[in-house]
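Remarks on the structure that follows.
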Amino acid sequence: MIRKIQRAFSKNENFFQLSSQQKLREFNRSEDTKNGYLFKWTVWFDHDRPRATDIECYCTKHPIPLKLDFDGCTDSRCENAGKSINFDRLELNIESNLEHKYDIIKGIK
Ligand SMILES: [Zn+2]
Numbered sequence: 005m006i007r008k009i010q011r012a013f014s015k016n017e018n019f020f021q022l023s024s025q026q027k028l029r030e031f032n033r034s035e036d037t038k039n040g041y042l043f044k045w046t047v048w049f050d051h052d053r054p055r056a057t058d059i060e061c062y063c064t065k066h067p068i069p070l071k072l073d074f075d076g077c078t079d080s081r082c083e084n085a086g087k088s089i090n091f092d093r094l095e096l097n098i099e100s101n102l103e104h105k106y107d108i109i110k111g112i113k
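Here the sequence shown is numbered in my numbering, starting from 5 and rising by one per residue.
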């Protein structure tokens with residue numbers, strides 16, 4: 005009986021973990037409306053720790069958001085041109101937000 009309960013509990017825990025991860029996967033974009041940036045990424049989990057991969061940045065000061073490279077906006081006339089993007093810091097920032105949101109989803113904070 006105890007084993008049955010433990011197994012059921014473990015199943016529920018796995019289900020809870022999977023549904024929490026699924027919820028967090030929906031947090032895959034963020035917009036900086038003040039500076040005209042859009043960020044998109046894919047969420048994955050490393051031993052239940054949220055991580056971001058495939059991070060893409062766009063400049064939203066155009067009818068269609070333009071992908072940025074390390075030197076900023078690819079349209080040389082744009083005010084975001086020449087503003088370099090630190091992708092390492094961006095990744096750390098996104099992952100910090102992911103970890104915070106994941107704690108909230110799991111009810112830790
Ligand atoms: Zn631009």
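Beta carbons are placed, not taken as given, at the ideal position from N, Cα and C, and that holds for glycine.
query	result
May I have the straight-line CA-CA distance separating A52 from S80, to the nearest angstrom?	Note that residue 52 is Asp in the sequence shown, not Ala. Their backbone Cα atoms lie some 42 Å apart in a straight line.
Which class does R93 belong to by DSSP, given the choice of helix, strand or coil?	helix
At what residue ranges does the region 56-89 contain a whole run of the beta strand (DSSP E), taking only runs of 3 or more?	70-73
Going by the DSSP bridge assignment, what does Y41 pair with across the sheet?	D36 and C63
Relative to the alpha-carbon of L42, which residue among E103, K105, H66 and I108 has its alpha-carbon at the smallest distance?	H66
Take Y62 as the anchor and find which of L22, W45 and I112 has the nearest alpha-carbon.	W45
Out of P54, L94, G111 and D107, point me to the one whose CA is closest to E35's CA.	L94
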